[in-house]
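Structure first, commentary second.
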Amino acid sequence: MKSNLNTSKTLNNKINLLDLNPKNLYFFLNSLGEKNFSSKQIMNWIYKHNCNDVNKMLNISIKTRKKLNEKSYIFASEFIEEKISSDGTIKWITSIDNQKIETVYIPEKKRSTLCVSSQIGCALKCRFCATGQQGFNRNLKVSEIIAQIWQANKILKQKNINNHISNIVFMGMGEPLLNLNNVVSAIKIILDQYGFSLSKRRITLSTSGIAPALKKMKNMIDVSLAISLHAPNDSIRDIIMPINKKYNIQSILSSTLKYLKYSKANYGGVTIEYVMLNGINDSNKNAHELSLLLNNIPSKINLIPWNPFLGSSFLSSNLNRINIFANILRSKGFTTIIRKNRGQDINAACGQLTGNIINRFQRL
């Protein structure tokens, strides 16, 4: 096996341990002359106990701690701002390179979901998405992705919120498949029993359909997949999602089928995300088109009422139209869910994430 340590960004020639997935942490410790079990101990401290100080890792020898202090550090970008919705959704903002990324915690009765970002901004320019309108800045490092989960766990413990994070979705700012290597490394930490220890079925990666990366991903990681389709044909999708001109619907669905063939996480099929835009993609004809398009794709469909943002001319389909659309799909045998709007009053709902300034975070 080869190490990817040389790709890890360093500070004063020190490596941030949050940048290292389990295999790379093993290689790093091996380079220090440490035994194999040290990586498990260190991951346990960092991810199970929210420890960011190796000197507090008391079951690790003083000699090893000294080496770690000389060659590494542990840094998780902090949340600097917080907003709480009337429905219990929490939005946190992190400042990175004077840019803002957003992380959203969505509590429910039987589970709680953390929506994480993978990029600062987004290059895809989907017309119905606020993130896409702000442009692209850069990919997030592994540590910057992981920090969102690490800090969320820490804050929830401080708030004595017992509804711990049970699901993680890569549905925040950015297109995950355009930051594939870092996202996969972060997922490996999330999956690891000494990391955040989540099941592959509880991690969802949402993509607009970067077909080559999706083909590559099937050999790298197995998680639940969500496809941001949002149109029943290329004519509509070309208009609302410019990336479709490069990777059209058929190329996306073909790559999706190949991923599903090897995936054990997508039992029951892929999730198809479909934002409901009044007069754009919500007619009865569009519903029938969508059912034909997905006829051979094992899938369930999430219909998403569009969430408004400043400067957009779109309108959301009304609830009656959404229900009619859903019932057509159900009559064709598709499991179809109408997604609840969560966090809309704090601009934390789907398509609203921009990193806008909100109320200053109050430390507990």
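Each residue of the sequence shown is one higher than the one before, starting from 1 at the first, in the UniProt record's numbering. Every residue gets a Cβ at the ideal spot worked out from N, C-alpha and C, and that includes glycine. In this text the structure is predicted, and so the values were computed from the model without any measurement.
The beta strand (DSSP E) that contains residue i, what's its start and end?
i: residue 70; result: First-last for residue 70: 62 to 71, but that is the alpha helix (DSSP H), not the beta strand (DSSP E).
i: residue 305; result: 299 to 305
i: residue 226; result: 224 to 228
i: residue 161; result: It is not in any beta strand (DSSP E) - residue 161 carries neither H nor E in the DSSP assignment.
i: residue 203; result: 203 to 207
i: residue 338; result: 335 to 338
For residue i, which residues in the same chain have their Cβ closer than 6 angstroms to its Cβ, ignoring the five residues on either side in sequence?
i: residue 358; result: With a pLDDT of 36 at residue 358, under the threshold of 50, the modelled position of this residue cannot be trusted, and the question is left open.
i: residue 123; result: 136
i: residue 365; result: Because the chain in this structure spans residues 1 to 364, residue 365 falls outside the shown range and cannot be described.
i: residue 352; result: Only weak support exists for where residue 352 lies, its pLDDT of 44 falling under 50; the coordinates are left without a value.
i: residue 142; result: 19, 182, 185, 186
i: residue 112; result: 163, 165, 166
i: residue 336; result: 301, 326, 329, 330
Just grab the DSSP bridge partners of residue i for me.
i: residue 138; result: 120
i: residue 115; result: 104, 169
i: residue 254; result: Answer by DSSP bridge pairing: none, since residue 254 is not bridged.
i: residue 276; result: 305
i: residue 83; result: 91
i: residue 99; result: 96
i: residue 54; result: According to DSSP, residue 54 bridges with nothing at all.
i: residue 16; result: 73
i: residue 378; result: Nothing can be reported for residue 378, as the shown portion of the chain is limited to 1 through 364.
i: residue 316; result: 277
Which residue's Cα is closest to the Cα of residue i: the options?
i: residue 145; options: 129, 274, 155, 183; result: 183
i: residue 282; options: 120, 230, 181, 200; result: 230
i: residue 291; options: 249, 331, 266; result: 331
i: residue 152; options: 56, 295, 199, 48; result: 48
i: residue 201; options: 140, 260, 25; result: 260
i: residue 59; options: 46, 70, 66, 41; result: 41
i: residue 198; options: 208, 186, 209; result: 186
i: residue 236; options: 285, 111, 109; result: 285
i: residue 97; options: 110, 139, 134, 133; result: 139
i: residue 99; options: 45, 134, 156, 289; result: 134
i: residue 340; options: 30, 70, 108, 24; result: 108
i: residue 319; options: 289, 26, 311, 275; result: 275
i: residue 46; options: 24, 147, 132, 336; result: 147
i: residue 311; options: 324, 62, 91, 132; result: 132
Take residue i and list the residues in its own chain whose beta-carbon comes closer than 8 angstroms to its own, dropping the five residues that flank it on each side.
i: residue 375; result: Since the first residue of the chain shown is 1 and the last is 364, residue 375 is not available in this structure.
i: residue 149; result: 114, 116, 165, 168, 190, 196
i: residue 240; result: 126, 127, 128, 230, 231, 277, 280, 281
i: residue 73; result: 11, 14, 15, 16, 17
i: residue 293; result: 232, 233, 249, 253
i: residue 216; result: 180
i: residue 157; result: 50
If we call anything under 8 angstroms between Cβ atoms a contact, is residue i one with residue j?
i: residue 18; j: residue 75; result: yes
i: residue 77; j: residue 94; result: yes
i: residue 214; j: residue 177; result: yes
i: residue 333; j: residue 300; result: no
i: residue 54; j: residue 32; result: no
i: residue 162; j: residue 119; result: no
i: residue 222; j: residue 263; result: yes
i: residue 101; j: residue 89; result: no
i: residue 245; j: residue 238; result: yes
i: residue 287; j: residue 329; result: yes
i: residue 234; j: residue 249; result: yes
i: residue 171; j: residue 121; result: no
i: residue 208; j: residue 175; result: yes
i: residue 305; j: residue 316; result: yes
So, at 7 angstroms on beta carbons, what are the nonlocal neighbours of residue i in its own chain, with the 5 sequence-adjacent residues on each side left out?
i: residue 338; result: 303, 322, 326
i: residue 64; result: 34, 38
i: residue 154; result: 50
i: residue 210; result: 175, 177, 178, 247
Any beta carbon of chain D sitting closer than 8 angstroms to that of residue i?
i: residue 109; result: Checking the listed chains, one finds no chain D in this structure; it contains a single protein chain.
How is the alpha helix (DSSP H) around residue i delimited, first residue to last?
i: residue 190; result: 180 to 191
i: residue 26; result: 22 to 31
i: residue 212; result: 211 to 217
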